[in-house]
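The sequence shown maps to residues -19 to -1, 1 to 118 in mature numbering (1 follows the signal peptide of the UniProt record, and there is no 0).
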Amino acid sequence: MRSLLPIAAVLLLCAGCGTDTTTQPPALTAPAEQTAPAASEFAAAESAAGIPPKPDAATADAYVRDLVAIDPEIVGKKPDRAVSRGRDQCGSVAQGYPEDKLVELVQRRFTAPGHSEGFGPEKSRKILAVVRKYLCP
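Written as structure tokens, this is what we have:
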């Protein structure tokens, strides 16, 4: 029995020996490079959705000034976001939604800290008028 123990140990050790039959994982290749759509493609898609191009600086300033006159919190410290939301609202205007639906969409789009449900129907109607005046074609 004493002689069987060393033989069993040797057999166990040898079982781990031999040729490596595991296959190597395939070499990693870089993913195919995807090119971003050209700016003209974005502009075409926005135009097709009724979203106007970004306004020039003077128009954007006048737009922001009129929004601040309604309520400074509409713009806060993010005038670019106010312009973006207005441009998006033009897309809804272009869809031909009824006025009440457009006011509802303004309330959803134009939110701010303390105004998570928008600025109410009265201010939303004023915001919509400003959006139409400066941004929508």
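Don't be surprised by glycine CBs; every beta carbon is placed ideally from N, CA and C. Owing to the predicted nature of the structure, the values given are computational and were not obtained by experimental measurement.
State buried or exposed for residue i, treating a residue as buried only when at least 16 other CB atoms are found within 10 Å of its CB.
i        : result
Pro53    : exposed
Ser97    : exposed
Lys104   : buried
Leu(-15) : Caution is warranted here: a pLDDT of 49 is assigned to Leu(-15), below 50, making its placement in the model unreliable, and the coordinate value is therefore given only provisionally. By the neighbour-count rule (16 or more Cβ atoms within 10 Å), Leu(-15) is not buried but exposed.
Lys107   : buried
Gly67    : buried
Ala25    : exposed
Ala63    : buried
Using the Cα positions of residue i and residue j, report the straight-line distance between them to the nearest angstrom.
i           : j      : result
Lys59       : Pro118 : 23 Å
Leu48       : Ala75  : 21 Å
Gln88       : Gly99  : 4 Å
Lys114      : Gly77  : 17 Å
Ala50       : Phe91  : 15 Å
residue 130 : Tyr44  : The structure shown does not extend to residue 130, since the chain spans only -19 to 118, so no value can be given for it.
What residue range does the alpha helix (DSSP H) around residue i cover?
i      : result
Thr92  : Unbroken run through Thr92: none, as it is neither H nor E.
Leu116 : Per DSSP, Leu116 belongs to no alpha helix (DSSP H) and is neither H nor E.
State the DSSP-derived secondary structure class of residue i, mapped to helix, strand or coil.
i      : result
Pro60  : helix
Tyr44  : helix
Ala20  : helix
Arg106 : helix
Ile55  : helix
Answer yes or no: does any C-beta atom of chain C fall closer than 8 Å to that of residue i?
i     : result
Tyr44 : Of the protein chains in the structure, only one exists, and it is not chain C.
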